[in-house]
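> I have a structure I would like to understand better, so I am pasting it below and will then ask my questions one at a time.
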Amino acid sequence: MSDVDRHWRYVIALVLIIGYLALAGAAFFHEVPANNTRFVDGYFTGLGPIVGAAVAAVLQVGKGSSAQQEA
3 MSDVDRHWRY VIALVLIIGY LALAGAAFFH EVPANNTRFV DGYFTGLGPI
53 VGAAVAAVLQ VGKGSSAQQE A
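Mapping to our numbering: the sequence shown position 64 is 66, numbers consecutive.
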């Protein structure tokens, strides 16, 4: 794997993390109406592990194994 490929993996992982944190910041600093609390609950309990798994998969791409091969 070339250095360029390795850097792109880190860029993709960083974009995923920054996007997740930006959405978390928006949800934290804005008042959420009572009928939308399910979104916030789902965001922090559902999207967090999904983003974590996506970041782990992106970082594993260049190491010779994929997330599907390990499962």
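Where is the CB? At the ideal position from N, CA and C, for every residue including glycine.
What three-state label does DSSP hand H9 in the structure shown?
Three-state result, H9: helix.
> Roughly how many whole angstroms lie between the Cα atoms of H32 and V42?
One C-alpha to the other measures close to 11 angstroms.
> Determine the direct distance from the alpha carbon of A56 to that of Y12, and round the result to whole angstroms.
Going by the C-alpha atoms only, they are around 12 angstroms apart.
> Return the CA-CA distance between L61 and I52, expressed in angstroms with no decimal places.
Cα to Cα, L61 sits roughly 14 angstroms from I52.
> Give me the Cα-Cα distance between N38 and A59, rounded to the nearest whole angstrom.
Rounded to the nearest angstrom, the two C-alpha atoms are 31 angstroms apart.
> Here's a check: name, in chain order, each residue in its chain whose Cβ is nearer than 8 angstroms to the Cβ of G50, leaving out the five neighbours to either side.
Y22.
> Note the first and the last residue of the continuous alpha helix (DSSP H) segment covering G50.
That run of the alpha helix (DSSP H) goes 50-62.
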